[in-house]
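Visitor:
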Amino acid sequence: MQSKISKSAKEGKLLQLLAKFILKLIGWKTEGQVPDIPKYVMIGYPHTSNWDTFIGLVVFKAMGVRLHWVGKHTLFKPPLGWFIRIMGGIPVDRNDPRNFVQQMIDVYNASEELVLTLSPEGTRKKPEYWKTGFYRIAAGANVPIALAFLDYSRKAGGFGPIVHPSGDLEKDIKIIQKFYASVKGKFPELQSEIRLKPKENA
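Per our numbering, the very first residue in the sequence shown carries number 18; after that it's consecutive.
Okay, structure coming up:
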């Protein structure tokens with residue numbers, strides 16, 4: 018069955034207030050504006066620590082964003098499947114004849130509102146190249162890409178510019194590189210360079 022996301026892209030006020038309180042306790046701040054659009058792909062960079070998940074959740078809940086993430090479809094079976102969905106999970110079936118990108122495009126097309134967060138690095142380990150699934154999903158679903166960040170050097174997280182996929186991946190990646198050039202992760206030495214595999218950069 019095709020997944021459909023129709024809940025609001027904004028979290029409840031209570032969770033938002035709690036997140037703001039936590040941010041104040043840990044000395045972090047939010048920056049930028051939440052995109053005023055119902056559907057977009059949100060990429061997070063850099064990803065160098067397990068702390069990124071916790072701090073990222075708090076930062077974006079404080080900004081009122083309801084994030085969605087992808088997980089293996091078997092995680093969504095009873096008895097905990099309903100809870101995982103409530104927490105923003107979207108099931109992905111690796112046995113589906115559609116690939117991951119097409120499954121996510123179909124979810125976007127079936128949804129009124131959706132903010133899907135993806136990590137182009139794919140891992141905390143320093144990858145040689147960025148994964149480009151986020152770009153192909155955005156282009157296929159005709160939605161923009163929001164550049165989100167966690168800058169540990171300034172204890173700030175939030176949103177940068179919006180990138181509308183032009184179809185020229187190399188050109189659009191340069192825009193992304195420029196924005197993230199000054200952003201520092203918790204462990205900068207593990208921070209990946211923003212670059213594509215040669216065949217994707219041709």
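Backbone N, C-alpha and C fix where the C-beta goes; we use that ideal spot for every residue, glycine too.
Predicted, not measured: the structure shown is a model, and the values here were computed from it.
Would you give the residue range spanned by the alpha helix (DSSP H) that isoleucine 122 belongs to?
Guide: Note, isoleucine 122: alpha helix (DSSP H), 117-126.
Visitor: Just confirm the distance between the C-beta atoms of lysine 214 and tyrosine 146, as a whole number of angstroms; I'd bet it's less than 8 Å.
Guide: Correct: roughly 5 Å between the Cβ atoms.
Visitor: From this set, Ile72, Gly139, Tyr125, which residue's C-alpha is nearest alanine 36's C-alpha?
Guide: The shortest C-alpha separation from alanine 36 is found at Ile72.
Visitor: Under DSSP, the alpha helix (DSSP H) around lysine 37 begins and ends at which residues?
Guide: Looking at the DSSP string, the run of the alpha helix (DSSP H) that includes lysine 37 is 30-43.
Visitor: For the candidate residues Ile107, Val82, Leu84, His85, whose alpha-carbon lies nearest to that of lysine 94?
Guide: Among Ile107, Val82, Leu84, His85, the Cα nearest to that of lysine 94 is on Ile107.
Visitor: Does the contact criterion of 3 or more C-beta pairs under 8 Å hold for the segment 200-212 versus the segment 126-136?
Guide: Result no; under three Cβ-Cβ pairs closer than 8 Å.
Visitor: Taking the CB atoms as reference points, tell me whether valine 51 and phenylalanine 176 lie closer together than 8 Å.
Guide: Contact: yes.
Visitor: I think glutamate 130 touches proline 182, with their Cβ atoms under 8 Å apart; what is that distance to the nearest whole Å?
Guide: Their Cβ separation, rounded to whole angstroms, is 19 Å, which puts glutamate 130 and proline 182 out of contact at 8 Å.
Visitor: Bridge partners for isoleucine 162 per DSSP, in chain order?
Guide: Answer is Val58, Val180, bridged to isoleucine 162.
Visitor: What does a CB cutoff of less than 7 Å around valine 75 pick up in its chain, not counting 5 residues either side in sequence?
Guide: Closer than 7 Å at Cβ, skipping near neighbours: Ala36, Ile39, Leu40.
Visitor: Going by CA-CA distance only, name the one from Arg102, Glu48, Leu167, Tyr197 that's closest to serine 66.
Guide: Among Arg102, Glu48, Leu167, Tyr197, the Cα nearest to that of serine 66 belongs to Leu167.
Visitor: Contact defined as beta carbons within less than 8 Å: I believe isoleucine 179 pairs with isoleucine 162. What is the distance between those atoms, to the nearest angstrom?
Guide: Right, their Cβ atoms sit about 7 Å apart.
Visitor: Under 8 Å between the Cβ atoms of lysine 78 and alanine 173?
Guide: No.
Visitor: Return the bridge partner residues of lysine 156 from the DSSP annotation.
Guide: Strictly speaking, residue 156 in this sequence is alanine, with lysine absent from that position. For alanine 156, which the question treats as bridged, DSSP gives no partner whatsoever.
Visitor: On the DSSP letters alone, give me the boundaries of the alpha helix (DSSP H) that glutamate 48 sits inside.
Guide: Counting along the chain, glutamate 48 falls outside any alpha helix (DSSP H), though it belongs to the beta strand (DSSP E) covering 46-48.
Visitor: From what residue to what residue does the beta strand (DSSP E) around tryptophan 86 run?
Guide: Per DSSP, tryptophan 86 belongs to the beta strand (DSSP E) from 86-89.
Visitor: Once you ignore the five residues that flank isoleucine 101 on each side, which residues in its own chain have a CB closer than 8 Å to its CB?
Guide: Cβ within range, chain order: Gly88, Leu92, Phe93.
Visitor: With respect to the alpha helix (DSSP H) encompassing isoleucine 221, which residues constitute its N-terminal and C-terminal limits?
Guide: For residue 221 there is no data in the structure shown, the boundaries of the chain being 18 and 219.
Visitor: Run through the DSSP bridge pairs and tell me what leucine 135 is partnered with.
Guide: The partner list for leucine 135 (beta bridge, DSSP) reads Ile60.
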